[in-house]
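Going left to right, the sequence shown walks through residues 1 to 197 as the UniProt record's numbering numbers them.
Glycine residues also receive a C-beta, built at the ideal position from the N, C-alpha and C atoms.
As structure tokens, the structure follows; a few thoughts come after it.
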Amino acid sequence: MYLDVTEHPRLALGTIAAIGLFIAFSPEEEVLYTSVDKCLASGVYPKACQAASEDASQHHLATAPKFRNMVACEMEYGAGNCSELRQNLNSNNATGTSVFAPSPAGFVMPRSIENFADYSEYRRRQQNSKSGSSGAMSAYRKRNGDLVTPDVSASEQNGGSFGGGPGGALVSDVKTLNAKTNVKGRGGFGGHSFSGS
């Protein structure tokens with residue numbers, strides 16, 4: 001049995017409107033690219049991949065989780081996954097002392113970006129939001145395997161400066177990210193994607 005839209009036109013229009021709203025307000029699927037080469041291999045335009053990588057590097061310097069010492073960082077992000085972050089590159093630390101941050105696992109941006117115009121529009125949306133980013137964001141892999149990005153809105157609520165967080169953390173507000181790591185095929189309708197999280 002099927003619904004005859006000629007008998008129920010309001011129901012049909014309501015369903016179409018509801019689906020449109022759902023699609024319009026659904027968050028875009030995000031993809032983790034572990035390198036510019038992986039981004040290029042997925043079919044994204046080279047200029048967009050390069051700009052995303054550079055934006056994520058700036059995002060890392062500005063918002064990376066920061067720790068007083070290597071041990072505290074490695075307790076959260078695993079042995080060998082942290083390095084010294086020179087604070088003269090970051091204006092958030094008035095003391096100028098070095099702190100430690102996890103090494104980025106890569107950069108994250110929406111799956112829908114294919115070219116530089118798409119990326120420029122995404123960058124504009126990010127600048128107008130409270131994401132703390134002006135484009136692609138850096139992502140970090142925690143010791144337990146979770147993928148996270150800095151939670152700038154939580155940091156701002158907590159003062160947004162280098163305070164004394166738990167366990168040697170200076171700034172460590174992060175949120176779990178449900179991004180896919182992938183190399184995607186772009187074949188138009190009927191194309192396919194290989195991914196794993």
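- Taking the Cα positions, residue 138 is about 18 angstroms away from residue 42.
- In this structure, DSSP gives residue 111 a state outside helix and strand, which the three-state scheme calls coil.
- By the neighbour-count definition (other C-beta atoms within 10 Å, threshold 16), residue 106 is a buried residue.
- Counting along the chain, residue 105 sits inside no beta strand (DSSP E), nor does DSSP assign it H or E at all.
- Secondary structure at residue 65: coil, using DSSP grouped into helix, strand and coil.
- In the displayed model, residue 44 falls within coil according to three-state DSSP, outside both helix and strand.
- Cβ neighbours of residue 116 within its own chain (closer than 8 angstroms, five residues either side excluded): 45, 47, 48 and 51.
- Take the alpha-carbon of residue 103 and the one of residue 81: they are about 6 angstroms apart.
- DSSP links residue 139 through a beta bridge to 106.
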